[in-house]
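Peer 1: Protein chains in written order, with the working numbering: chain E, 520 to 805; chain Y, 520 to 805; chain G, 520 to 805; chain R, 520 to 805; chain P, 520 to 805; chain F, 520 to 805. Where a beta carbon is used, it is the ideal one built from N, C-alpha and C, also for glycine.
There are 6 protein chains.
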Amino acid sequence: MSPAPPIAPPRHIVAEAVARALAEDLGRRGDITSDAVIEPGAAGRWEIAARARGVIAGLDCARETFAALDPAISFDPSCDDGWHVEPGQTVACLAGPVRAVLAGERTALNFLGHLSGIASLTARYVALTSGTRAHIVCTRKTTPGLRALEKYAVAAGGGRNHRFGLDDAVLIKDNHVAAAGGISRAVAAARAHAGHMTRIEVEVDSIAGLEEALAAGAGIVLLDNMSIAELDEAVRVADGRAVLEASGGVSEQTCAAIAATGVDLISVGRLTHSAPALDLGLDAVG
Amino acid sequence: MSPAPPIAPPRHIVAEAVARALAEDLGRRGDITSDAVIEPGAAGRWEIAARARGVIAGLDCARETFAALDPAISFDPSCDDGWHVEPGQTVACLAGPVRAVLAGERTALNFLGHLSGIASLTARYVALTSGTRAHIVCTRKTTPGLRALEKYAVAAGGGRNHRFGLDDAVLIKDNHVAAAGGISRAVAAARAHAGHMTRIEVEVDSIAGLEEALAAGAGIVLLDNMSIAELDEAVRVADGRAVLEASGGVSEQTCAAIAATGVDLISVGRLTHSAPALDLGLDAVG
Amino acid sequence: MSPAPPIAPPRHIVAEAVARALAEDLGRRGDITSDAVIEPGAAGRWEIAARARGVIAGLDCARETFAALDPAISFDPSCDDGWHVEPGQTVACLAGPVRAVLAGERTALNFLGHLSGIASLTARYVALTSGTRAHIVCTRKTTPGLRALEKYAVAAGGGRNHRFGLDDAVLIKDNHVAAAGGISRAVAAARAHAGHMTRIEVEVDSIAGLEEALAAGAGIVLLDNMSIAELDEAVRVADGRAVLEASGGVSEQTCAAIAATGVDLISVGRLTHSAPALDLGLDAVG
Amino acid sequence: MSPAPPIAPPRHIVAEAVARALAEDLGRRGDITSDAVIEPGAAGRWEIAARARGVIAGLDCARETFAALDPAISFDPSCDDGWHVEPGQTVACLAGPVRAVLAGERTALNFLGHLSGIASLTARYVALTSGTRAHIVCTRKTTPGLRALEKYAVAAGGGRNHRFGLDDAVLIKDNHVAAAGGISRAVAAARAHAGHMTRIEVEVDSIAGLEEALAAGAGIVLLDNMSIAELDEAVRVADGRAVLEASGGVSEQTCAAIAATGVDLISVGRLTHSAPALDLGLDAVG
Amino acid sequence: MSPAPPIAPPRHIVAEAVARALAEDLGRRGDITSDAVIEPGAAGRWEIAARARGVIAGLDCARETFAALDPAISFDPSCDDGWHVEPGQTVACLAGPVRAVLAGERTALNFLGHLSGIASLTARYVALTSGTRAHIVCTRKTTPGLRALEKYAVAAGGGRNHRFGLDDAVLIKDNHVAAAGGISRAVAAARAHAGHMTRIEVEVDSIAGLEEALAAGAGIVLLDNMSIAELDEAVRVADGRAVLEASGGVSEQTCAAIAATGVDLISVGRLTHSAPALDLGLDAVG
Amino acid sequence: MSPAPPIAPPRHIVAEAVARALAEDLGRRGDITSDAVIEPGAAGRWEIAARARGVIAGLDCARETFAALDPAISFDPSCDDGWHVEPGQTVACLAGPVRAVLAGERTALNFLGHLSGIASLTARYVALTSGTRAHIVCTRKTTPGLRALEKYAVAAGGGRNHRFGLDDAVLIKDNHVAAAGGISRAVAAARAHAGHMTRIEVEVDSIAGLEEALAAGAGIVLLDNMSIAELDEAVRVADGRAVLEASGGVSEQTCAAIAATGVDLISVGRLTHSAPALDLGLDAVG
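1. DSSP three-state call for residue 691 (chain P): helix, strand or coil?
2. Using the rule of at least 16 other Cβ atoms within 10 Å of the residue's Cβ for burial, across every protein chain shown, is residue 754 (chain Y) buried or exposed?
3. Would you grab the beta carbon distance between residue 644 (chain G) and residue 537 (chain G) for me? Rounded to a whole angstrom, and I think it's under 8 Å.
4. Classify residue 520 (chain E): buried if its beta carbon has 16 or more other beta carbons within 10 angstroms, exposed otherwise.
5. Residue 747 (chain P) to residue 777 (chain P), Cα distance in whole Å?
6. Quick one: list the residues of chain P neighbouring residue 762 (chain Y), beta-carbon separation under 7 Å, in chain order.
7. To the nearest angstrom, how far is the alpha carbon of residue 793 (chain P) from that of residue 572 (chain F)?
8. Since residue 612 (chain R) sits in a beta bridge, which residues does DSSP pair it with?
9. Straight-line CA distance for residue 704 (chain E) to residue 736 (chain E)?
10. Return the Cβ separation of residue 669 (chain Y) and residue 690 (chain Y) in integer angstroms, given the expectation that the two are a contact with Cβ distance under 8 Å.
11. Within this structure, are the beta carbons of residue 602 (chain P) and residue 637 (chain P) separated by less than 8 Å?
12. Would you list the one or two residues that DSSP bridges to residue 802 (chain Y)?
13. Does the Cβ of residue 744 (chain G) have 16 or more other Cβ atoms within 10 Å, making it buried, or fewer, making it exposed?
14. Do residue 780 (chain G) and residue 750 (chain G) have their C-beta atoms within less than 8 Å of each other?
15. At what residues does the beta strand (DSSP E) containing residue 715 (chain Y) begin and finish?
16. So what does DSSP say about residue 679 (chain G), is it helix, strand or coil?
17. For residue 792 (chain P), does the three-state DSSP call read helix, strand or coil?
18. Name the residue from E:539, E:531, E:525 and E:547 whose alpha carbon lies nearest to the alpha carbon of residue 532 (chain P).
19. Measure from the alpha carbon of residue 617 (chain P) to the alpha carbon of each residue in P:585, P:726 and P:539, then state which is nearest.
20. Of all the residues that make up the segment 526-545 of chain R, which are near chain P by a beta-carbon distance shorter than 8 Å?
21. Going along the chain, which unbroken runs of the beta strand (DSSP E) with 3 or more residues stay wholly within the segment 716-777 of chain R?
22. Nearest to residue 717 (chain P) by alpha carbon, out of F:529, F:555 and F:765?
23. So residue 743 (chain G) contacts chain E; which residues on that side make the cut at Cβ distance below 7 Å?
24. Residue 701 (chain Y) by DSSP, collapsed to three states: which one?
25. Go through its chain and collect everything with a Cβ distance to residue 666 (chain G)'s Cβ below 6 Å, but skip five positions before and after it.
26. Just curious, the alpha helix (DSSP H) that residue 487 (chain E) is in, first and last residue?
27. Which residue from P:680, P:756 and P:650 puts its Cα closest to that of residue 711 (chain Y)?
28. State the CB to CB distance for the pair residue 783 (chain F) and residue 804 (chain F), rounded to an integer number of angstroms; the pair is presumed to be in contact (CB under 8 Å).
29. Checking contacts by CB at 8 Å: is residue 680 (chain F) closer than that to chain R?
30. Show which residues of chain E have a CB atom less than 7 Å away from the CB atom of residue 556 (chain Y).
31. To be precise: take each residue of the segment 582-601 of chain Y, compare its Cβ to all Cβ atoms of chain F, and keep it if any distance is under 8 Å. Which residues remain?
32. Here's a check: name, in chain order, each residue in its chain whose Cβ is nearer than 7 Å to the Cβ of residue 796 (chain P), leaving out the five neighbours to either side.
33. Rounded to whole angstroms, what is the Cα-Cα separation between residue 701 (chain P) and residue 692 (chain P)?
34. Going by beta carbon distance, what residues of the same chain come within less than 6 Å of residue 605 (chain P), once the five residues before and after it are set aside?
35. Nearest-angstrom Cα distance between residue 683 (chain P) and residue 759 (chain F)?
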């Protein structure tokens, strides 16, 4: 089972996130325990293995962590980001200087565990949409400083990405509509400002709002916190004239029913703000 | 109910984390939706309110977010970090330019939600130790780039902090012991290197290991993945000669029983790697 | 004559560009001429005035330059970004410490001259489209390190913005089409990857290519280096089914004729890569 | 025809400028078009060729751009900075992964086009001084953030560099003279402060000023906006006692006549603030 | 004579310090003397030699300096940090491009001279404690921006490190005691806040203070500015119940006598704030 | 006695040096001792006083340190940089929050002590040149990362500055002469490259070298390690045709005699690489 890995974030984003995390862990003195106790020349071999079922994401971050500490460390993944793993399954093999591997262990595992946790939760939601047209998408509710990596992890789990920030797409929410004096005026203002390469989405919380948005020519409509019945009605009303995104409090309990309504997208904040880490460990071998 | 707020991390750590998060969200163009739709001079009032029960942490990050966007925004917390809140309870009041507040809303809530999530989970574990001598402590299993803030959130939830990185204390683990040729030699090597201001802890996974550690003069011993029976025995064996830390797979199901054994510390990785965000929202008022 | 100023880039982008430029000019010692020759307490008044006809852009950069050197400098613009000015017209008035104003003079004028030069050239192109549906847009052919500010200057001149980078919209060019095995397959691949909030544009260099792009559902088509006759034909063929962008070697000689074909957008690289600076000067007053 | 390449700016300046430009173009997601459409393993060959006559500058920036994206890209220049090229002439050959080359194409060309534009314009001015003692020099009117690279491009075009910032040489202008109470006092103050390794130049706008400057011992005198007749007179008056720099509104129309007066230096602001980019393209080969 | 080298600071700390120092020395143009005078391809060989007796520290900084300028430079140390050298003794051999070596010479020697100066002074103090139980430790009186490297140099000279900053250990001084209302209360407050991995030291200036500190359970006591007689008394009073640190105005004249009192640690501020540089030079060979 | 303060380095250089030093001292947790022991609202008053005779430099760094920690701290210097102080003399008065003042105490004193140490040593050398034409100048032998501040401290002590880096002036040394094939050729090469705003100095170690340098038109000549007799001869030979700098192993023992020879400049490396810190303390008042 080996899906193509998702497309990685720019190298400098990985490099900067890893450098920051290492600086945070190494502080002013580095790994004083290993430096005191391990011989400088000692070498070893290790495996990173899953301790729970999940989907892997973050191998580039782990590789970069060890490379930043010592280029003499070899890091050989046994799988790609996006692969499903079982408890006990090897994720990557390492060999090299003991001091440097131990100094990087926690940082590498923190990246892998955090991003794999997001990929794993995403995959569970994606599975719940099986047989429907719905795609699972993430939101801007990400951990501060890690957005690009977390969006990547969502893709590794089979999800799709919503906008990456406030600047790459327009999303008109209720307060914008109120300030603009109606959906039509808000859409027109956005269109005048945004440029032809920027998409515009409008949030509505009622069928009346949806109809107004469609009349305003909105190509994407976010249906906020609607019931299944309302979503059914929205799909019927839109009739293919707009991309429909269901949003608001989506859970593993409600996801399949939402997907069955025929919406195009289901956005799930908890993919990035509340995914538990995937349990992974690094163990010496041989 | 108003405990003293925990001691905040250095200002520059808050400022840098916020600047990074804002840059990530604003990108190259800023909040193009609000800029297109909201009048430049428009002003308003908002409340940040809890939508679930929990413990607040991260008010400084929220304040800094809005201040970085526009010093004209006023940010008045209704509580301090460390306070327990109920659903619907106001956490902070804001007033100022609409554009800037909306531009900062998501970043501020991402900080507050993430850190309050950690504080809230910590508080649940702390409650489970009530009436015992045990303190809940966090680990180095933190989200990359946010360690100082997450350690602070643990303190806001009533927990205590373990070491902050590889450099500020020694923690001798099984691989160190193996490399050094025994616990006594590892402790001696650490003592020779670390300096008089650095504490030394030793991880053991058996009563025999504990006895060796005590004989080596280890002042703090981490009891790794021991059963309740083993922990009982360890407490009896140590008899006050060392600080004892129970660690490994601690859950809300097992925490109270572990605390009842008489250990001094219970370290819980999931406080920082798997805490779900606390749900908070920003709503216009008046 | 006072159009609304265009929407400014994020504050931190202005602040970082100014800090970098000041560091570059001040070096390790600062303004050694003024420091040697001007009394520490000396104060004065100045005006920044246009020495040629043009459109102003970059007042925020100038304000930030002086503020970074000494908050005691007052900077009062007499116009807004986007205003047309005549030779001799005052752009801003300054008052404050002589040393700091002279230290910032060149940096402030470098920003103002560069960005106003772009705005001025843009305005000339925009004027050439008068009475047509065509908008002038810029490209990614920007000066390294100044993209957000230069895109802003284009808006100040009445132009619109194309995508801001490789990541916020898809633009399928000839080499992408060749690699994908045709326009339809390239568009499909882009759609699968990009997400619902990302727009997709396809570059074609023939009417046949345009027809293939329309058939593939491309909502925006870049017509590369087409003759006026071909553009006429393209507008007729597309018949409103896609946004049409004329691109390639557009000059002030050809712009009006291109606009008259009925295309929606005309992209002009030289707005940002070859605009001469607007001549501005700072003179003492009183 | 292959002049020695000019001396390059420090490596870290090239590296930082390139990193900043790439970050600006790649944003949070990288080249989403190429990533979606091009196979990960696809490789190719390209040429960068001139599309207009000019002088090349910036090859190090182009090399660094591709190296930063993927060390597997080979970059082989066919010429050096400072070479004159004709339309169609190959400037460099590239081979390597398609995705990375396309991701770097625009950034590399933006550097090459901008810096070669400066070198090309400089070369035109230099040619106008042929047979005279005059050297063409640039000013501090540079694009913010790119001064060191632009000064280098001037040298690649055969020009010479004036001071690099406010701190590495003294240039006493009219306002300094006014503040100091005369040229002699300004020169004396500068000499007392600047140190023996710092040169001092004085700006004058009349023959009387020149005579005062010479009497004050000024070794370099900037003749501001003087007519050809005044410059002739200045050269006669100075009679070799000072280096003379003609400055102010120098154009390709006036440059030769200014050079013929016998001044030592002609400074031209537009070399760096108004040079149009040299047109260059990257095309697949084979 | 070759002691094991002390454990190096994290690589990124060395890299950042070197990058900053090189940027400071190379400025905007690099080594204009060597660039003007030395042929681009010229290569050579050099030795770095001691010109005075001392202890070497900082070889990693020197290596990094040359590597950052040109990876083609080979840098082969003839000794390790921590070695005692005599005047004329070779410390390292270099070979490679002349321009790059000369460009890095001063920066590399500045690091080596400064850090070796600290190591050398430390070694002199350490020698004065010979035959006693006392260790020489440094303080936080370090040169701004170089603390980690200077602490390392102290270790290279045979000294030990005190805390690295305000955050990795508690040191309760007189003003803290006054604010807390007594030593016992201060110690209790520190214990409640600091966490089990953080050591606590208390400063006292009298035997009464020492007794109060011991009673409060302080494990480490700083004896501030005590006379030899007081130190004798303090050692007698403490009787092994606490680690004792003598501090305050320790000189090479007084150090041996202090060590003879039986204290465990002698802290010496001048190791890092007043050590003269070790004289080293780089000379061409062959 | 209050000389005018020397001209300060650019604000951002002070700000960056202070931010770096504070980050280094505060680490991840800040001042855990004061935070644990001092009440949040506690305020106080302090004086910074000299504990030895010397010359003050670095007040801006101290002010910036406290301002960065808490704008509520007032910092009122009792003198200016460049003033001579006696033991016990107050240098500055502080008032404000106890926690923040104690957190900044060491960093502020480290700057003040280090820079005042340099100023003080400089002043001693300057005094030794009294009645002669000689000025004391510093070298590039500065502490890595602090060059601009240390050059400023030399000026505060009454010295003058040599070049600030490799890029702002040419200094042709023996290896350059050897590589160029003689002094004349080296000077010619430097002149061709450096530009009219860059000064050129030549190092010689013999009267013959001096004569060659004078013949080559060198305006500044560094006399390396010459005896007093040689210096006398050099002054006689040069006869005012060049600025003469005596350099090499200058000590307080030899400085006056060197100055008496009539050289213009005496450069002293130890001003910046070996000056002991000036002893200063911060004490609570009232």
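Peer 2: Per the coordinate set shown:
1. Here the question's residue 691 (chain P) lines up with position 172 in the fifth sequence. Reduced to three states, the DSSP call for residue 691 (chain P) is strand.
2. Mapped onto the second sequence, residue 754 (chain Y) falls at position 235. Counting every other CB atom within 10 Å of its CB across the protein chains shown gives residue 754 (chain Y) a total of 16 or more, marking it as buried.
3. Taking the third sequence and counting its residues from 1, the one referred to as residue 644 (chain G) is at position 125. Taking the third sequence and counting its residues from 1, the one referred to as residue 537 (chain G) is at position 18. Actually they do not touch by this definition, with Cβ atoms about 28 Å apart.
4. Counting from 1 along the first sequence, the entry for residue 520 (chain E) is found at position 1. Residue confidence is low: residue 520 (chain E) scores 40 on pLDDT, short of 50, so the model does not pin down where it sits. Its coordinate-derived value is still stated next. Per the 10 Å Cβ criterion, exposed.
5. The residue labelled residue 747 (chain P) in the question sits at position 228 within the fifth sequence. The residue labelled residue 777 (chain P) in the question sits at position 258 within the fifth sequence. Each residue's Cα considered, the two are about 6 Å apart.
6. Counted from its first residue, the second sequence places residue 762 (chain Y) at position 243. Chain P residues near residue 762 (chain Y): 715.
7. For this step, residue 793 (chain P) is matched to residue 274 along the fifth sequence. For this step, residue 572 (chain F) is matched to residue 53 along the sixth sequence. For residue 793 (chain P) and residue 572 (chain F), the gap between their C-alpha atoms comes out near 16 Å.
8. Locating residue 612 (chain R) in the fourth sequence gives position 93, counting from the first residue. R:566 and R:595, per the DSSP bridge assignment.
9. Residue mapping note: residue 704 (chain E) aligns to position 185 of the first sequence, counting from 1. Residue mapping note: residue 736 (chain E) aligns to position 217 of the first sequence, counting from 1. Per the coordinates, the alpha-carbon of residue 704 (chain E) lies some 11 Å from the alpha-carbon of residue 736 (chain E).
10. Here the question's residue 669 (chain Y) lines up with position 150 in the second sequence. Here the question's residue 690 (chain Y) lines up with position 171 in the second sequence. That pair is no contact at about 18 Å.
11. Translated into the one-based positions of the fifth sequence, residue 602 (chain P) becomes position 83. Translated into the one-based positions of the fifth sequence, residue 637 (chain P) becomes position 118. Inclusion of residue 602 (chain P) and residue 637 (chain P) in the CB contact set at 8 Å is not warranted, their separation being larger than that value.
12. Along the second sequence, one-based indexing puts residue 802 (chain Y) at 283. Beta bridge pairing from DSSP links residue 802 (chain Y) with Y:566.
13. In the third sequence, residue 744 (chain G) corresponds to position 225, counting from 1. Answer is exposed; the Cβ neighbour count stays below 16.
14. Here the question's residue 780 (chain G) lines up with position 261 in the third sequence. Here the question's residue 750 (chain G) lines up with position 231 in the third sequence. In this structure, the beta-carbon distance from residue 780 (chain G) to residue 750 (chain G) falls below 8 Å.
15. Here residue 715 (chain Y) refers to the residue found at position 196 of the second sequence. No residue range can be given for residue 715 (chain Y), since it is assigned to no beta strand (DSSP E) and is classified by DSSP as neither H nor E.
16. Here the question's residue 679 (chain G) lines up with position 160 in the third sequence. Here DSSP, grouped into helix, strand and coil, assigns residue 679 (chain G) to strand.
17. Here residue 792 (chain P) corresponds to residue number 273 of the fifth sequence, with the count starting at 1. Helix, per DSSP.
18. The residue given as residue 532 (chain P) occupies position 13 in the fifth sequence. Residue 532 (chain P) has its Cα closest to that of E:547, out of E:539, E:531, E:525 and E:547.
19. The residue labelled residue 617 (chain P) in the question sits at position 98 within the fifth sequence. The option with the nearest alpha carbon to residue 617 (chain P) is P:585.
20. Taking 8 Å as the upper bound on Cβ-Cβ separation, chain P lies near residues 526, 527, 528, 529, 530, 531 and 532 of the segment 526-545 of chain R.
21. Counting only runs of 3 or more, we get 719-723, 739-743 and 762-766.
22. For this step, residue 717 (chain P) is matched to residue 198 along the fifth sequence. Checked all of F:529, F:555 and F:765; the closest Cα to residue 717 (chain P) is F:555.
23. Within the third sequence, numbered from 1, the residue matching residue 743 (chain G) stands at position 224. What residue 743 (chain G) touches in chain E: nothing, since even the nearest Cβ is about 16 Å away.
24. Residue 701 (chain Y) sits at position 182 when you count from the first residue of the second sequence. Assigned with DSSP and collapsed to three states, residue 701 (chain Y) falls in coil, not helix or strand.
25. If you number the third sequence from 1, residue 666 (chain G) lands on position 147. None.
26. Look at the range of chain E in this structure, 520 to 805, and you will see that residue 487 (chain E) is not part of it.
27. The count along the second sequence starts at 1 and reaches residue 711 (chain Y) at position 192. Of the listed residues, the one whose Cα sits closest to residue 711 (chain Y) is P:680.
28. Numbered from 1 along the sixth sequence, position 264 holds the residue referred to as residue 783 (chain F). Numbered from 1 along the sixth sequence, position 285 holds the residue referred to as residue 804 (chain F). Beta-carbon to beta-carbon, residue 783 (chain F) and residue 804 (chain F) are separated by about 47 Å, too far to satisfy the 8 Å threshold.
29. Working through the sixth sequence from its first residue, we reach residue 680 (chain F) at position 161. The beta-carbon of residue 680 (chain F) is placed less than 8 Å from the nearest beta-carbon of chain R.
30. Taking the first residue of the second sequence as 1, we reach residue 556 (chain Y) at position 37. Chain order gives the chain E residues near residue 556 (chain Y) as 691, 695, 698, 699, 705, 708 and 709, where near means a beta carbon separation below 7 Å.
31. The residues in question: there are none.
32. The residue you call residue 796 (chain P) lines up with position 277 of the fifth sequence. In its chain, beyond the 5 residues on either side, 632, 633 and 636 have a beta carbon closer than 7 Å to the beta carbon of residue 796 (chain P).
33. Mapped onto the fifth sequence, residue 701 (chain P) falls at position 182. Mapped onto the fifth sequence, residue 692 (chain P) falls at position 173. Cα to Cα, the separation comes out at about 11 Å.
34. Counting from 1 along the fifth sequence, the entry for residue 605 (chain P) is found at position 86. Excluding sequence neighbours, residue 605 (chain P) sits near 572.
35. Position 164 of the fifth sequence, counted from the start, is the residue given in the question as residue 683 (chain P). Position 240 of the sixth sequence, counted from the start, is the residue given in the question as residue 759 (chain F). Distance between the alpha carbons of residue 683 (chain P) and residue 759 (chain F): 54 Å.
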